[in-house]
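Trainee: Just so it is clear: in the sequence shown, position 526 is 526 by the UniProt record's numbering, and no numbers are missing. The structure's right below; bear with me while I get my questions together.
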Amino acid sequence: MEDLSLSSELDPALLSTSTSSSSPPDSASPSFSFYHPSPPNYTLAVSNLSCRDPRRGSGGAGLLSSLLARRAAPPDVRDDNLLPLLTVRETILFAARFRLRSAVTARERGERVEALLQELRLSEVADRYVGGCGGAGGAPRGVSGGERKRVSIAVDIVHDPPVLLLDEPTSGLDSRSAMDVLSLLRDVARARRQVVVLSIHQPSYRMLAYISSLLLLSRGAVAHFGTLKSLEHSLSRLGHEIPMQLNPLELAMEVTEQLEADHARFGAALATTIHQHQHNKVIDDEDESSGAGEHEHEHGYYCSRAVEVGALALFAARAAQAVIAGLGLGSVYFRIRPDPEGVALRLGLFAFSLSFLLSSTVEALPILLHERRVLMREASRRAYRLSSYVVANALVFAPCLLAVSLLFSAPVYFLAGLRATPLAFACFALAVWLIVLMASSLVLFLSAVSPDFVLGNSLICMSLGVFFLFSGYFIPRESIPRYWAFMYYVSMYRYPLDLLLINEYGGSSSGRCVAWAGGVCLRTGGDVLRGRGIDEGMRWVNVGVMLGFFVLYRVMCWAVLVRRAAKTTL
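Structure (structure tokens):
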């Protein structure tokens, strides 16, 4: 008897898996299910069936051929990573826009989505928010757990893949919802003639009622293939009596070691049955692929509806925060006088504004962390490129942050009585915009690095604190120890602080007196800049460096996401 192994990656000592078919015997599209007492093992088995190598992203050795792997829907994991602020219909339509061919018209796409809503019994909740992410982004409670499972299934079958891989689709559901999901999967397998591969922890008799045949694996070798009844007979022949509280499959998993000891006798009795099924081909490898893999490069979407919707609540909070902070700071630094104390007050205003603007971006971290989970799911299905997400995030947030910058700049600039020229105000607003763009890129990068919110928040606070310390505001450049001198040049605070000072005291103001005492000019704008070692000609260099930080952190974010996606088994 030929041993069939899921993957060379699997540890044979750990693998004792059963695969089952939930479609009727005469169906051409079976649905297989994996069982194992240890969830990571059957999760790994499903991942290997999808031909995903954690070290290489997609592809690699597996039970399915390379063409089939491209057409198969990657494993749908236990967690339903869906965008909470999209409705059920929008979620499926969003997936359809990326996974269907470019030749499919918008009308055909809409018709397919509506048909899918009917098929999965989601029509009644089609316009309800998905929700269910703990309130991230102000999301409502959303649909029920069973409905979320069905939405996840809809996302994975919208492009009609020949193989659908599901990892514990019934986990976290009550018995009624779990049975509804299994019933739906059986109907989908029959109607669409699809192969459904799923793992289920602790299968009950009611769940096994949907299964017509089983493939039981032990140490990577076939131990049984046939119906549940035939498994019961096989166990009886080996001298194992099935207790009333167990079904044959549960008993088979409990006595795996004994079955392995009797493998020669057990396998010989079943060899004929197995070879009778070897001539059945699961899928014709020559079929033209309709999955997302072959049209991966056909899409030009850089600004997704999902990212835009997820940013609305954040933009509203940022806008209100900017107006309140601008008015508050303007009232504190109201009409700064042109005297030596006024020079220090302006410097304090700029430094505090920098600190506020950079630290206020932390509130985006929870949303970005949730988006990352959805992104890993979509990237594993090759719905779009990771670079498209990074660019789309920038294009969505840039105009929002420009509006926030203007809402902050206008009140604080005129209330504080800063340099009263249109060009100076425009440069101030540009500097504020670049500051928040830099900060958003830093938070995006750290959200890609951080495993959770607690560590991410700590990394952001620590990074901003270190950058502020070496900005030149607290410690002059000449006083920084030589071994820390490099921090002065990589500080995100230094360049915008210099730019704000040049804007206030440079140009035509370099010869203007900014500090009077008893009718005598004590300091000009040029004196202030020279006193801090700032070259007035570095204005646009500072702008370029800030843009460089904005791009650099996004490129670093993309690199981290690529590495993370290559390791994921979603």
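Yeah, the Cβ is synthetic: ideal placement off N, Cα and C, and Gly gets one too.
Can you tell me the Cβ-Cβ gap for residue 205 and residue 182, rounded? I've got them flagged as a contact below 8 Å.
Mentor: So it is not a contact: roughly 13 Å between Cβ atoms.
Trainee: Measuring CA to CA, which of 456, 452 and 431 is closest to residue 442?
Mentor: 456
Trainee: With H, G and I counted as helix, E and B as strand and the rest as coil, what does DSSP make of residue 470?
Mentor: coil
Trainee: What is the DSSP secondary structure of residue 225, reduced to helix, strand or coil?
Mentor: Taken through DSSP and simplified to helix, strand or coil, residue 225 comes out as strand.
Trainee: Determine the contact status of residue 495 and residue 556, defining contact as a CB-CB distance below 7 Å.
Mentor: no
Trainee: Could you give the distance in angstroms between the alpha-carbon of residue 460 and the alpha-carbon of residue 189?
Mentor: 47 Å
Trainee: Return the first residue and the last residue of the alpha helix (DSSP H) that residue 433 is part of.
Mentor: 422 to 449
Trainee: Drop a sphere of 10 angstroms on the beta-carbon of residue 170, count the other beta-carbons inside from all chains shown, and report buried for 16 or more, exposed for fewer.
Mentor: buried
Trainee: As a quick exercise: from 234, 180 and 535, pick the residue whose alpha carbon is nearest that of residue 526.
Mentor: 535
Trainee: Would you kindly work out how many angstroms separate the C-alpha atoms of residue 454 and residue 241, rounded to a whole number?
Mentor: 52 Å
Trainee: Hey, could you find the ends of the alpha helix (DSSP H) residue 187 is sitting in?
Mentor: 175 to 192
Trainee: Can you give the Cα-Cα distance for residue 506 and residue 531, rounded to whole angstroms?
Mentor: Going from the Cα of residue 506 to the Cα of residue 531 covers about 13 Å.
Trainee: Please return the same chain residues whose Cβ sits closer than 8 Å to the Cβ of residue 446, not counting the five positions on each side in sequence.
Mentor: 365, 456, 459, 460 and 463
Trainee: Are the stretch 393 to 404 and the stretch 419 to 427 touching by the rule of at least three beta carbon pairs closer than 8 Å?
Mentor: no
Trainee: Using a threshold of 7 Å, state whether the C-beta atoms of residue 173 and residue 145 are closer than that.
Mentor: yes
Trainee: Return the first residue and the last residue of the alpha helix (DSSP H) that residue 410 is part of.
Mentor: Per DSSP, residue 410 belongs to the alpha helix (DSSP H) from 386 to 416.
Trainee: With DSSP collapsed to three states, give me the class of residue 126.
Mentor: coil
Trainee: When the distance is taken between beta carbons, is residue 500 closer than 7 Å to residue 350?
Mentor: yes
Trainee: Note down, in chain order, each residue of its chain lying with its Cβ closer than 8 Å to the Cβ of residue 110, except the 5 sequence neighbours on either side.
Mentor: 93
Trainee: Using CA atoms only, rank isn't needed, just tell me which of 232, 218 and 214 is closest to residue 572.
Mentor: Residue 572 lies beyond the range of the chain shown here (1 to 570); nothing can be said about it.
Trainee: Taking all protein chains shown into account, decide if residue 229 is buried (16 or more other Cβ within 10 angstroms of its Cβ) or exposed.
Mentor: Label assigned to residue 229: exposed.
Trainee: DSSP beta-bridge partners for residue 523?
Mentor: Paired residue(s): 515.
Trainee: Starting from the C-beta of residue 407, find all residues in its chain whose C-beta is less than 8 Å away, skip the five residues before and the five after it, and write them out in chain order.
Mentor: 319, 322, 323 and 326
Trainee: If residue 330 sits next to residue 411, beta carbons under 8 Å apart, how far is it from one beta carbon to the other, in whole angstroms?
Mentor: 5 Å
Trainee: On a CA-only basis, which of 417, 475, 420 and 492 is nearest residue 436? Give me that one, please.
Mentor: 492
Trainee: Report the rounded CA-to-CA distance for residue 253 versus residue 388, giving the unit in angstroms.
Mentor: Their backbone Cα atoms lie some 45 Å apart in a straight line.
Trainee: Where do the ends of the alpha helix (DSSP H) carrying residue 152 lie?
Mentor: Secondary structure note for residue 152: its alpha helix (DSSP H) is the uninterrupted segment 145 to 157.
Trainee: With DSSP run on the structure shown, which of helix, strand or coil describes residue 167?
Mentor: strand
Trainee: Less than 7 Å separating the beta-carbons of residue 438 and residue 550?
Mentor: yes
Trainee: Could you have a look at residue 104 and say whether DSSP puts it in helix, strand or coil?
Mentor: When secondary structure is reduced to three states using DSSP, residue 104 falls in the coil class, being assigned neither helix nor strand.
Trainee: So which of 548, 522, 162 and 193 has the shortest CA-CA distance to residue 490?
Mentor: 548
Trainee: With 16 as the cutoff for other CB atoms within 10 Å, does residue 481 come out buried or exposed?
Mentor: It is exposed - the Cβ of residue 481 has fewer than 16 other Cβ atoms within 10 Å.
Trainee: Can you give me the C-alpha to C-alpha distance between residue 418 and residue 99, rounded to a whole angstrom?
Mentor: 53 Å
Trainee: Mind checking whether residue 194 and residue 164 have CB atoms under 7 Å apart?
Mentor: yes
Trainee: Assuming the contact rule is C-beta atoms closer than 8 Å, residue 129 and residue 85 should be a hit. Round their C-beta distance to whole Å, please.
Mentor: 6 Å
Trainee: Using the beta-carbon count (16 or more within 10 Å), is residue 297 buried or exposed?
Mentor: Low confidence applies here, because residue 297 scores a pLDDT of 38, under 50, leaving its location unreliable; read the following figure in that light. Classification for residue 297: exposed.
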